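Asker: All residue numbers for the sequence shown refer to my numbering, where the first residue is 12 and numbers rise by one.
Built from N, CA and C at the ideal position, the CB exists for glycine as well.
Bear in mind that the values here come from a model prediction, so they are computed numbers and not experimental data.
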Amino acid sequence: MSTRTGLDKVVPSAADAVADIAPGSSLAVGGFGLVGIPWFTIAALLDQGADDLTVVSNNCGVDGAGLGLLLEARRITRVIASYVGENKEFARQYLAGELTVELTPQGTLAERMRAGGAGIGAFFTPTGVGTMVAEGGLPWRYHPDGSVALASEPKEVRTFHGTEMVLEESIVTDVAIVRAAKVDRAGNCVFHASARNFNIPAAMSGRLTIVEAEEVVEVGEIAPDDVHLPGVFVQRIVELTPEQARDKDIEKRTTRPREEVSA
Numbered sequence: 012m013s014t015r016t017g018l019d020k021v022v023p024s025a026a027d028a029v030a031d032i033a034p035g036s037s038l039a040v041g042g043f044g045l046v047g048i049p050w051f052t053i054a055a056l057l058d059q060g061a062d063d064l065t066v067v068s069n070n071c072g073v074d075g076a077g078l079g080l081l082l083e084a085r086r087i088t089r090v091i092a093s094y095v096g097e098n099k100e101f102a103r104q105y106l107a108g109e110l111t112v113e114l115t116p117q118g119t120l121a122e123r124m125r126a127g128g129a130g131i132g133a134f135f136t137p138t139g140v141g142t143m144v145a146e147g148g149l150p151w152r153y154h155p156d157g158s159v160a161l162a163s164e165p166k167e168v169r170t171f172h173g174t175e176m177v178l179e180e181s182i183v184t185d186v187a188i189v190r191a192a193k194v195d196r197a198g199n200c201v202f203h204a205s206a207r208n209f210n211i212p213a214a215m216s217g218r219l220t221i222v223e224a225e226e227v228v229e230v231g232e233i234a235p236d237d238v239h240l241p242g243v244f245v246q247r248i249v250e251l252t253p254e255q256a257r258d259k260d261i262e263k264r265t266t267r268p269r270e271e272v273s274a
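1) Throw me the rounded Cβ distance for the Glu226 and Lys193 pair, which I believe falls under 8 Å.
2) What residues in its chain sit with their C-beta under 8 Å from that of Arg207, if we drop five residues either side in the sequence?
3) What does Val230 pair with, by DSSP beta-bridge criteria?
4) If Ala39 sits next to Ala224, beta carbons under 8 Å apart, how far is it from one beta carbon to the other, in whole angstroms?
5) Spell out a yes or no on whether the stretch 92-101 and the stretch 114-132 are touching, meaning 3 or more CB-CB pairs, one atom from each, closer than 8 Å.
6) For a test of the three-state rule: what should DSSP assign to Ser205, helix, strand or coil?
7) Just reading off the alpha helix (DSSP H) that Val144 is part of, what are its end residues?
8) Determine the closest residue to Ala145 out of Arg190, Thr184, Pro165, Val112, with distance taken between C-alpha atoms.
9) Between Val168 and the rest of its own chain, which residues show a CB-CB distance below 8 Å, the 5 nearest in sequence each way excluded?
10) Let me know if Asp6 comes out buried or exposed under the rule of 16 or more other beta-carbons within 10 Å of its beta-carbon.
11) For Asp63, does the count of other Cβ atoms within 10 angstroms reach 16, so buried, or fall short, so exposed?
12) Cβ of Gly148 within 9 Å of Cβ of Ser158?
13) By how many angstroms is the C-alpha of Thr142 removed from the C-alpha of Ser36?
14) Answer with buried or exposed for Val272, where buried requires no fewer than 16 other C-beta atoms within 10 angstroms of its C-beta.
Next comes the structure, spelled out in structure tokens:
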């Protein structure tokens, strides 16, 4: 799998960006629910056809959108995530024994990816001590009859400064795909508001990181203090059209009648 070097990392299309992602690859994906997800890179990967994927993401999209599309196409065999969320097909595959799911506390998941990108092999955290997270037995995969086919192993627990902590291994993936609001051609990224969520640690954890960008600018147009993710973590950039950049969705829309304002 080649990487793009130099100060111009923009590739012709999302299809070109994902063309060499192999079956069986591990994939870190930014976003939370449908917020800040790399919509068009996911769609390109769906068209590309790679399967037997291990996906590391906060969740697995929703039915019919985001990573849910790869899930419905049976391209994903293992998920490391913090919750099942709003995806009914995700829950169905997990409970039917068709999918391996490693549920991980949300903050721990973010730190596992960040640590992987920082070259840290593992770390201790108090999160999960005294639960199945540390003691083992979390069902990662079921048999079709509902019995547990694969469960998590116990983890090392040690005491630091009077507090018990559990050892968590960092995560490094073959590829990371994320979505940024603004990127310069060298890969320095700016994320908008809550889209900063898992995009930064996901991008850090990939050996090859692909960023789809709502806006691409020249090197030097982003002030150093405004950079959220340095370009050293980025190998490929997909520049979206203005129409693509505006094409976003949310998981649930809740409204109420507008109150009439008296004159």
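Answerer: So, to answer that:
1) For the purposes of this step, residue 226 is taken as residue 215 along the sequence shown, with counting starting at 1. For the purposes of this step, residue 193 is taken as residue 182 along the sequence shown, with counting starting at 1. Indeed they touch by this definition, with Cβ atoms about 5 Å apart.
2) By one-based count along the sequence shown, residue 207 stands at place 196. By the criterion of a C-beta distance shorter than 8 Å, Arg207 is surrounded in its chain by Gly47, His239, once the five residues flanking it on both sides are discounted.
3) Locating residue 230 in the sequence shown gives position 219, counting from the first residue. Val230 pairs with nothing; no bridge assigned.
4) By one-based count along the sequence shown, residue 39 stands at place 28. By one-based count along the sequence shown, residue 224 stands at place 213. With a Cβ gap of about 17 Å, Ala39 and Ala224 do not count as contacting.
5) Segment contact: the stretch 92-101 against the stretch 114-132, three or more CB-CB distances shorter than 8 Å; contact assigned.
6) Within the sequence shown, residue 205 is the residue found at index 194, counting from 1. Ser205 carries a helical assignment under DSSP once its states are collapsed to helix, strand and coil.
7) What you label residue 144 is simply residue 133 of the sequence shown in a count that begins at 1. For Val144, the enclosing alpha helix (DSSP H) starts and ends at 143-146.
8) As a working mapping, residue 145 is identified with position 134 in the sequence shown. Ala145 has its Cα closest to that of Pro165, out of Arg190, Thr184, Pro165, Val112.
9) Looking up residue 168 in the sequence shown gives position 157. Leaving aside the five residues that flank Val168 on each side, the residues in its chain whose CB is nearer than 8 Å to its CB run, in chain order, Val140, Ala145, Glu175, Met176, Val177, Leu178.
10) No statement about residue 6 is possible, as the shown extent of the chain runs from 12 to 274 and does not include it.
11) Numbered from its first residue, the sequence shown carries residue 63 at position 52. Classification of Asp63: exposed, given that the 10 Å Cβ count is below 16.
12) Within the sequence shown, numbered from 1, the residue matching residue 148 stands at position 137. Within the sequence shown, numbered from 1, the residue matching residue 158 stands at position 147. With respect to the 9 Å criterion, Gly148 and Ser158 are not classified as neighbours on the basis of their beta carbons.
13) Residue mapping note: residue 36 aligns to position 25 of the sequence shown, counting from 1. Residue mapping note: residue 142 aligns to position 131 of the sequence shown, counting from 1. Between Ser36 and Thr142, the C-alpha separation is close to 31 Å.
14) As a working note, residue 272 is residue 261 in the sequence shown. By the 10 Å Cβ count, Val272 comes out exposed.
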